[in-house]
Every structure is written in C-alpha cells, then in structure tokens.
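Report on the structure given below.
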Amino acid sequence: MKKGNVLGILAMSAILLTGCVDSMPELTAEQSEIIAEYAAGLLLKYSPNYNYKIASEEEVAAAMAAKKEVSETEDTEPATEEQTEAETAPSQDTSSPEDQPVETESETDQVLLVSDLDFAAELGIDDLIIRYQSFEICSEYPQGNAGFNVAAAQGKKLLVLHFDMEGLPEEDVDCNLFDYNLKMRVTINDTSSAAVLSTMLPNDLASYMDIVKAGDRVDVVAVAEIDDMTQEQIQTLTLRVASNGQTCNVKLK
-16 MKKGNVLGIL AMSAILLTGC VDSMPELTAE QSEIIAEYAA GLLLKYSPNY
34 NYKIASEEEV AAAMAAKKEV SETEDTEPAT EEQTEAETAP SQDTSSPEDQ
84 PVETESETDQ VLLVSDLDFA AELGIDDLII RYQSFEICSE YPQGNAGFNV
134 AAAQGKKLLV LHFDMEGLPE EDVDCNLFDY NLKMRVTIND TSSAAVLSTM
184 LPNDLASYMD IVKAGDRVDV VAVAEIDDMT QEQIQTLTLR VASNGQTCNV
234 KLK
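The sequence shown lines up with residues -16 to 236 when you count with our numbering.
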C-alpha cells in the first residue's frame, strides 16, 4: 500500500470518529499507549522509506544474548569515583530544627550566702518574707508530740531546717505555699544529698496554708531523712529550692 493510501485511510477514520466522539469510551493511559504504538507500527510498516522485515529465530536469539551480556557487564563494573564518594560521604541531616533534640549547656548554679537572704523574694513568693533560722538533727519531729509527727527509718536521722516566715506589717496575709510547688534538696559535706520530704506537718514550708497575722513571725520547717550522723559532723550544708521554674542554691553552713 502506498503512503497516499495510508494517509487517506487515517483521514477517513478521523472523519468517521468525529461524528461519534460523544459515544467514544474513555481510555486509560495504558490503552492509549497501546493504540499509539499500534498506529505508529502501521505507519512504519507501510512507509516506503522503512525497511520492514520479520527477524529470524537465530537473529532474535543473538540479540537477546547480546543484551544479556551487556546487562551482566554493567552489574559487575566497579563503581566510579563519583559513586564511591557519594556512598562514603556522610549523610546530611535534612530534618528541621524542631525535630532535633534540644541541647543545653550544663549550667553551674550560683551558690548564695544565707545571711539576710529572703527565700520568698528569690522564688517569687508574694507578700511574705522567709529567712533561714537554724537546723537540728533528731529521730522524730516534733519530739514528744502526741499528735502527728515524722519518724526516721531505722539507721537514719531527720534533718530539720527551721525558717522564720513573716507577713505584711500592716495587714494579714492569706498564705498558701502549696500553690508554689516548692521542691527542695539538701547536700551535706558536698558528698551526700537527700530530697526534702513531703509531710502533713501543719508548719511544713512546702504546704503551709494559714492566715499569717500582720507583723507575726511563724516557724516553718523542711524535713529531710539523712544517714545517721551528729550535728557536729555536718561541716557544710547547702539547700537547693525550686519553685515554678525559679531556682536558688543557698549555703546554710
């Protein structure tokens, strides 16, 4: 068939299809590709400039063998210098800064001296003045109290820290220290430390709730359980207090 005849057939097909385009089914991408390949094959087959022939079985086998040999050679070739560098180069972290773990530098808290130190001012506690007064070591606190008290475990002692708490000089203060979420820890002789206990003592510093009369001074305490030792064996004593993000370290002795 000549080239003019082929073009004529395609033109007629286009005219016929134009009239029924509305009834043509939608084709998938795969179906469109198959039809396009078939049409291209027809054009090449009947083109006078295209030498079309059916390959023999020997030619097909030789072509497949040559293709397989080329594929095996590519698989066994050593990696190029660019590929080796790409494989050995350290991978870059493309995650966003929000995905990275936050790294903070170790901070050395300043140790304050206890003389005339107002714990309330350091920790943002309003309308109160809290100053350290003294400490004692005992087996139970309060001693000789028939009511509620705290007793040390066997082989342990209680370290009781006493504080003077004052309200406003001209008016009463409705005190609620429980809301300040006080967390305390003592360090003894720079070697051992213990957390301050949460107790039900009415004058517990961390949970004191009462009216502080104008001008009155109240004794409040912080109690920690420590190893069995005497008061004379304590050479240095440091208290760390934290309250809602604010922290202070104070050397009591």
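Cβ atoms here follow ideal geometry from the backbone N, Cα and C, with glycine treated the same way.
Residue environment: residue 94 is assigned as exposed (fewer than 16 neighbouring CB atoms within 10 Å of its CB, all protein chains considered). Ranked by Cα distance from residue 104, the first of 229, 234, 235 and 236 is 229. As the crow flies, the alpha-carbon of residue 173 is around 16 Å from that of residue 207. Proximity to residue 205 across 128, 156, 175 and 116 peaks at 116, based on C-alpha coordinates. Beta-bridge analysis with DSSP links residue 229 to 226.
In the three-state reduction of the DSSP assignment, residue 116 falls in the strand class. Nearest to residue 118 by C-alpha distance, out of 200, 212, 144 and 125, is 144. Looking at the DSSP output, residue 170 bridges to 176 and 221.
Below 8 Å, enough C-beta pairs join the segment 215 to 226 and the segment 105 to 112 to call them touching: three or more. Residue nearest to residue 167 within the set 156, 189 and 146 is 189 (criterion: CA-CA distance). With contacts defined as CB atoms closer than 8 Å, residue 161 and residue 114 fail to qualify as a contacting pair.
In the DSSP assignment, residue 146 falls within the unbroken beta strand (DSSP E) covering 139 to 149. Nearest to residue 194 by alpha-carbon distance, out of 128, 133, 142 and 158, is 158. Here residue 96 is bridged, per DSSP, to 234. Here residue 124 carries a strand assignment [DSSP, helix/strand/coil].
Residue burial is scored here from C-beta neighbours: residue 96 has fewer than 16 other C-beta atoms within 10 angstroms and is therefore classed as exposed. DSSP links residue 208 through a beta bridge to 141. Ranked by how close their Cα comes to the Cα of residue 186, the residues 217, 101 and 201 have 201 in first place. By the beta-carbon neighbour count (other beta carbons within 10 angstroms, threshold 16), residue 149 is buried.
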